[in-house]
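Colleague: In this text, residue positions in the sequence shown follow the numbering used here: the first is 33, and each later residue adds one.
Every residue, glycine too, gets a C-beta built ideally from N, C-alpha and C.
Please find one structure pasted underneath; my questions will follow.
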Amino acid sequence: MKFGGTSVGGVQQIDTAARIVQSVRAEQPIVILSAMGGVTDALLNAGALAVQGRTHDRDDKIWEIRSRHDRAINELFKDRREAAEVQELLRPLWEEMQKVFTGVSLLREMSTRSRDLIGSFGERLIVPLFTRYLHSLNVPAEAIDARTVIITSDDADFMLVDFDETRKRCERLSNMAKDGVVPVVTGFICSTPDGVTRTLGRGSSDYSATIVGGSVKASEIQIWTDVDGVMTADPRLVPGARVLERISYREAAEMSYFGAKVLHPKTIIPAADENIPIRIKNTFNPSFQGTLISPETPVDQRSVKTVTSITGLSLVSVEGRGMIGMVGVAGRVFTTTSDNRITVLMISQGSSEQHISLVVSKADGESAVKALKREFQHEMEKRRIDEISSVEDVSIIALVGEGMKGIPGVAARAFNALEAGSVNILMIAQGSSELNLSFVVQQSDVPRAVRLLHDAFELHRANVG
Ligand code: ADP
Ligand code: ASP
Ligand code: MG
33 MKFGGTSVGG
43 VQQIDTAARI
53 VQSVRAEQPI
63 VILSAMGGVT
73 DALLNAGALA
83 VQGRTHDRDD
93 KIWEIRSRHD
103 RAINELFKDR
113 REAAEVQELL
123 RPLWEEMQKV
133 FTGVSLLREM
143 STRSRDLIGS
153 FGERLIVPLF
163 TRYLHSLNVP
173 AEAIDARTVI
183 ITSDDADFML
193 VDFDETRKRC
203 ERLSNMAKDG
213 VVPVVTGFIC
223 STPDGVTRTL
233 GRGSSDYSAT
243 IVGGSVKASE
253 IQIWTDVDGV
263 MTADPRLVPG
273 ARVLERISYR
283 EAAEMSYFGA
293 KVLHPKTIIP
303 AADENIPIRI
313 KNTFNPSFQG
323 TLISPETPVD
333 QRSVKTVTSI
343 TGLSLVSVEG
353 RGMIGMVGVA
363 GRVFTTTSDN
373 RITVLMISQG
383 SSEQHISLVV
393 SKADGESAVK
403 ALKREFQHEM
413 EKRRIDEISS
423 VEDVSIIALV
433 GEGMKGIPGV
443 AARAFNALEA
453 GSVNILMIAQ
463 GSSELNLSFV
473 VQQSDVPRAV
483 RLLHDAFELH
493 RANVG
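This is the structure in structure tokens:
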């Protein structure tokens, strides 16, 4: 059972989440927790302030984080002695934080490792607090630091989980659960084989849950969050979005890759490997069934099930009539991006071979253009390539659904709807799986485009999924 940031964001929420755990004690749950909502951001902000030499602002941020936890402790543990014990439990963490931030302030730099260590405190603070609260509800529980169970490589850009080692270490958790003790594990964080603190990436506690759930071969993995389930669109963009009763692993993987924040993109892999169903549940509406994610696809298919979007991107294009018949351009484009450690989210090549377009994060846009101009300097001088440029502030919108396969007219319907709403499409790509159709639009068009598509595919109708 993984509880996200909102689900442990305050006193009421912690109480609600703990009582949900208490109610299923007989089923030997293992709990994974995210930091209190907003704490990871606050920690990383404090780190950035330390780098800038803004020590006072840094301390204000740390103080905010500390008072949120203090308040939670004082309200959750009415017995003064108990509250003091929990404060004492967290004291070494505040001390360690102090040292780490002092270090960053002195060095005025934050490496990936430092950033990960700073980010780790949110989960490390909430886990002992929550564990003690379970004790106060008479639920035996033990705090587990995920750095002792989830082991990964030390690559700065690409964290690889050592599943064999992790599986071995997770046996301890199954044994604990069998003995009637609830392990409460920090989400997000992990360790390299030689004990360096790392994280699995922003929003990755969902992934922590399936890594642990897959390792112990759980009967079900539950992601407890602040919405009723996976929906036909982000409810913040489309108020009429509906909850999907069931979706397949492939659909869930695709929609999370294309921006459905409700699941971290890597979440599905460990669960699918072990054929374990994932259920998305609402902490604040626990009797609602939520969304079941499993291998099978429901028979009653709609072509498109969800509309998702990713913002904060740049569209980089390499263009030139002289590119026709030029061998190896695509290869060189991608060698260049990979040499510069730039992640490419989406690619398209015109069939006329006159252009190659790639979508990268906005932060990488400028360096991608520079690196490509260096790589193709010769071709640009010879006018075989006319232009290498980027458009900033674009977004990918994706339509996802297994039922899209073989159903003609999905693209036409989408493009007609966007055209009628005067949304300009900058680029189109269709996954070879035909499970998704994705395109790039200006970021400012996203809310309108998502609503137009949601309407065009009648996703507000009942019995979706
Ligand atoms: P948690 O802190 O529990 O991990 P997140 O904020 O990471 O929660 O994810 C839940 C949020 O994801 C929801 O509040 C919702 O705004 C957003 N979201 C985006 N797309 C979808 C979608 N298709 N279905 C459900 N929620 C979505
Ligand atoms: N606390 C981490 C983050 O904010 C992990 C998570 O919430 O899933 O990125
Ligand atoms: Mg999340």
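Taking the straight line between their C-alpha atoms, what separation do you get for K131 and D371?
Modeller: 35 Å
Colleague: Can you tell me which of the three DSSP states D477 falls into?
Modeller: helix
Colleague: One question on the structure: do M142 and V136 come within less than 8 Å of each other, judged by their Cβ atoms?
Modeller: yes
Colleague: Could you spell out the range, first to last residue, of the beta strand (DSSP E) harbouring K313?
Modeller: I310 to N314
Colleague: On a CA-only basis, which of A444, F408 and L166 is nearest A49? Give me that one, please.
Modeller: The residue among A444, F408 and L166 with its C-alpha nearest the C-alpha of A49 is L166.
Colleague: Could you check which residue in G235, S247 and G246 has the C-alpha nearest to that of H296?
Modeller: G235
Colleague: Using DSSP with H/G/I as helix, E/B as strand and the rest coil, what is V213?
Modeller: V213: coil per DSSP, three-state reduction.
Colleague: Answer yes or no: the CB of D266 versus the heavy atoms of the ligand MG, is any distance below 7 Å?
Modeller: no
Colleague: Any idea what DSSP makes of G42, helix, strand or coil?
Modeller: DSSP, read as helix, strand or coil, puts G42 in coil.
Colleague: Using a threshold of 8 Å, state whether the C-beta atoms of L345 and I428 are closer than that.
Modeller: yes
Colleague: Taking the straight line between their C-alpha atoms, what separation do you get for V214 and A292?
Modeller: 30 Å
Colleague: Run through DSSP, which three-state label would E419 get?
Modeller: Note: E419 maps to strand in three-state DSSP.
Colleague: Which residue from M358, V359 and T375 puts its Cα closest to that of F366?
Modeller: T375
Colleague: Could you check whether the stretch 399-418 touches the stretch 312-321, counting it as contact only if at least three pairs of C-beta atoms, one from each stretch, sit closer than 8 Å?
Modeller: no
Colleague: What are the boundary residues of the alpha helix (DSSP H) that L347 is part of?
Modeller: From DSSP, L347 is part of no alpha helix (DSSP H) but of the beta strand (DSSP E) over T338 to E351.
Colleague: For H88 and D102, I'd like the C-alpha separation in whole angstroms.
Modeller: 20 Å
Colleague: Which residues count as close to the ligand MG when the rule is a CB under 6 Å from any of its heavy atoms, in chain order?
Modeller: G36, G235 and D238
Colleague: Can you grab the Cα-Cα spacing for the pair S99 / E107, in whole Å?
Modeller: About 12 Å.
Colleague: What's the C-alpha gap between D187 and M33?
Modeller: Spanning the alpha carbons of D187 and M33 requires a straight line of approximately 28 Å.
Colleague: Taking Cβ positions only, does V216 come closer than 8 Å to chain B?
Modeller: Among the protein chains of the structure shown there is no chain B, as only one such chain exists.
Colleague: What separation, rounded to the nearest whole angstrom, lies between the Cα atoms of H486 and A285?
Modeller: 20 Å
Colleague: Anyone know if the C-beta pair for G272 and A241 falls short of 8 Å?
Modeller: no
Colleague: Does the beta carbon of G69 fall short of 7 Å from some heavy atom of the ligand ADP?
Modeller: yes
Colleague: Between V392, H410, L205 and N468, which has its C-alpha nearest G438's C-alpha?
Modeller: N468
Colleague: For my contact list, G322 and D238 are in at a C-beta cut-off of 8 Å; report their separation, rounded to the angstrom.
Modeller: Not quite, the Cβ-Cβ distance comes to about 14 Å (not below 8 Å), so this is no contact.
Colleague: Check whether the stretch 421-435 and the stretch 342-362 touch, using three or more Cβ-Cβ pairs below 8 Å as the test.
Modeller: yes
Colleague: DSSP has Q130 in a bridge; who is on the other side?
Modeller: None, per the DSSP bridge assignment.
Colleague: What are the boundary residues of the alpha helix (DSSP H) that includes R278?
Modeller: No alpha helix (DSSP H) holds R278; the beta strand (DSSP E) holding it covers R278 to S280.
Colleague: Just checking my contact of I150 with G79 at CB under 8 Å: how many whole Å lie between their CB atoms?
Modeller: 5 Å
Colleague: Can you check the stretch 54-93 for any alpha helix (DSSP H) of at least 4 residues that lies completely inside it and give the ranges in chain order?
Modeller: DSSP runs (the alpha helix (DSSP H)) wholly in the stretch 54-93: 71-83.
Colleague: Is the beta carbon of R164 less than 8 Å from the beta carbon of I183?
Modeller: no
Colleague: Alpha carbon to alpha carbon, how far is S389 from R493? Give it in angstroms, no decimals.
Modeller: 36 Å
Colleague: Is it true that the CB of S247 sits closer than 8 Å to the CB of R199?
Modeller: yes
Colleague: I need the straight-line Cα distance from V455 to V339, nearest angstrom please.
Modeller: The alpha-carbon of V455 is positioned some 15 Å away from that of V339.
Colleague: Would you call D148 buried or exposed, if buried means 16 or more other Cβ atoms sit within 10 Å of its Cβ?
Modeller: buried
Colleague: For F500, is the classification buried or exposed, using 16 other Cβ atoms within 10 angstroms of its Cβ as the cut-off for buried?
Modeller: A query on residue 500 cannot be resolved here, the shown segment of the chain reaching from 33 to 497 and no further.
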